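S.K.:
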Amino acid sequence: MNLIDALNWRYATKRMTGAKVPDETIHRILDAARLSASSMGFQPYTILVISNEDVKKKLHPASFNQPQVIESSHLLVFCAWADYGEKEVDEYMANIAKTRNMDVALLDGFKQAVMGAVNGKSPEEKFNWAARQAYIALGTTLAAAALEQVDANGMEGFNPAQVDEALGLKEKNLRSLAYVAIGYRSAEDQLQFAAKVRREKDKLFHFLN
Ligand SMILES: Cc1cc2nc3c(=O)[nH]c(=O)nc-3n(C[C@H](O)[C@H](O)[C@H](O)COP(=O)(O)O)c2cc1C
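All residue numbers in the sequence shown are consecutive under our numbering, ending with 314.
(1) Give me the pocket residues for ligand 1, defined as CB within less than 6 Å of any heavy atom, sorted by chain position.
(2) For I131, is the classification buried or exposed, using 16 other Cβ atoms within 10 angstroms of its Cβ as the cut-off for buried?
(3) Count the other C-beta atoms from every protein chain shown that fall within 10 angstroms of the C-beta of L243, then say buried if there are 16 or more, exposed otherwise.
(4) Can you find the residues in the same chain that come closer than 8 Å, C-beta to C-beta, to R237, ignoring five residues on each side of it along the sequence?
(5) Start and end of the alpha helix (DSSP H) containing G63?
(6) Quick one: give me the first and last residue of the beta strand (DSSP E) that T151 is part of.
(7) Could you spell out where the beta strand (DSSP E) holding V126 opens and where it closes?
(8) Keeping to the same chain, check which residues put their C-beta closer than 6 Å to that of H165; ignore five residues upstream and five downstream.
(9) Should the segment 299 to 309 be called in touch with the segment 190 to 200, which here means at least 3 C-beta pairs below 8 Å?
(10) From what residue to what residue does the beta strand (DSSP E) around A185 run?
(11) Is the beta carbon of V285 closer than 9 Å to that of G259?
(12) Answer yes or no: do Y189 and P127 have a C-beta to C-beta separation smaller than 9 Å?
(13) Who does A117 pair with in a DSSP beta bridge?
(14) What is the rounded straight-line gap between the Cα of A239 and the Cα of N314?
(15) Starting from Q173, trace the alpha helix (DSSP H) in both directions and tell me its first and last residue.
(16) Going by C-alpha to C-alpha distance, which of E191, A271, L282 sits closest to A218?
(17) Helix or strand or just coil, what does DSSP make of V302?
(18) Ignoring anything shorter than 3 residues, give me the beta strand (DSSP E) runs that lie fully in the segment 197 to 278, in order along the chain.
(19) Would you identify the three-state DSSP class for M145, choosing helix, strand or coil?
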């Protein structure tokens, strides 16, 4: 299936069957999230992959009782790093050096560039920057699931403070941003039959030829 067909096939699945998505399929979707682009390649976010039914049940009331939370196979919680600085930048440099088999000292200039981007931001700006990167991965995840013919729903409909509390995210230096519920559509979900609504192409795009 090509990407456009997959994007037409997918929809924000409100009711799922609860059936489990095979591990290898989930991991291909997670690989796509991992391969997402991010500013400077820094990836200042973490994605929780929840398949434990008790944990999903705990999040249900904090998520306005939306059924996808408990009817999904896996619930991904996209989290921004609450704070980050030189330690995280050094870890990133070490990863580049290891992956590309090079001396980390050769990355000094790049490290200064990343530190410049990080240090120049207030805590709230850092959070917003991290969140923007995480949402790119969220979009990639939705597309990847569609290509796998697995249903998914991006979700912001939850109380972040309650979710952070339920998952102990503060202690992990994380703040919840959005979910992607992954699973299989229920035959009862009428939305799967509704035509897709999108802004007209000439309104969404302004072509400057
Ligand atoms: C970041 C984000 C948050 C969303 N939050 C919710 C949500 O909490 N509950 C829900 O049922 N759908 C949610 N949606 C789904 C959108 O409503 C849906 O993607 C949009 O209406 C377009 O429909 P389609 O995805 O079926 O084409 C969310 C989508 C995104 C991308």
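Where is the CB? At the ideal position from N, CA and C, for every residue including glycine.
From a predicted model like this one, the values you see are computed outputs, not experimental measurements.
M.R.: A quick look at the data gives this:
(1) Selection output, chain order preserved: Y116, A117, K119, Q171, N258, G259, M260, E261, G262, A283, K301.
(2) Your numbering for residue 131 matches position 26 in the sequence shown. With 16 or more other Cβ atoms within 10 Å, it is buried.
(3) The residue given as residue 243 occupies position 138 in the sequence shown. L243 sits buried, since 16 or more C-beta atoms from the chains shown fall within 10 Å of its C-beta.
(4) Working through the sequence shown from its first residue, we reach residue 237 at position 132. The beta carbon of R237 lies closer than 8 Å to those of S144 in the same chain, with the five residues before and after it left out.
(5) Nothing in the structure corresponds to residue 63, since the chain is present only between 106 and 314.
(6) Position 46 of the sequence shown, counted from the first residue, corresponds to residue 151. Start and end: 150 to 155.
(7) Locating residue 126 in the sequence shown gives position 21, where the first residue counts as 1. For V126, there is no enclosing beta strand (DSSP E), as DSSP marks it with neither H nor E.
(8) Start at 1 with the first residue of the sequence shown, and residue 165 comes out as number 60. Same-chain partners within the cutoff: V174, I175.
(9) Taking a contact to require three or more Cβ pairs closer than 8 Å, the segment 299 to 309 and the segment 190 to 200 do not qualify as touching.
(10) Taking the first residue of the sequence shown as position 1, residue 185 is located at position 80. From DSSP, the beta strand (DSSP E) with A185 extends over 179 to 186.
(11) Start at 1 with the first residue of the sequence shown, and residue 259 comes out as number 154. Start at 1 with the first residue of the sequence shown, and residue 285 comes out as number 180. With a cutoff of 9 Å on beta-carbon distance, G259 and V285 are scored as near each other.
(12) Numbered from its first residue, the sequence shown carries residue 189 at position 84. Numbered from its first residue, the sequence shown carries residue 127 at position 22. No. Outside cutoff.
(13) What you label residue 117 is simply residue 12 of the sequence shown in a count that begins at 1. Answer by DSSP bridge pairing, in chain order: A257.
(14) As a working mapping, residue 239 is identified with position 134 in the sequence shown. As a working mapping, residue 314 is identified with position 209 in the sequence shown. Between the alpha carbons of A239 and N314 lies a gap of roughly 32 Å.
(15) Reading the sequence shown from its first residue, position 68 is the one you call residue 173. Per DSSP, Q173 belongs to the alpha helix (DSSP H) from 173 to 176.
(16) Here residue 218 corresponds to residue number 113 of the sequence shown, with the count starting at 1. Nearest C-alpha to A218: E191.
(17) In the sequence shown, residue 302 corresponds to position 197, counting from 1. Assigned with DSSP and collapsed to three states, V302 falls in coil, not helix or strand.
(18) Listed in chain order, the beta strand (DSSP E) runs fully inside the segment 197 to 278 are 256 to 260, counting runs of at least 3 residues.
(19) For this step, residue 145 is matched to residue 40 along the sequence shown. Looking at M145 - three-state DSSP - the assignment turns out to be helix.
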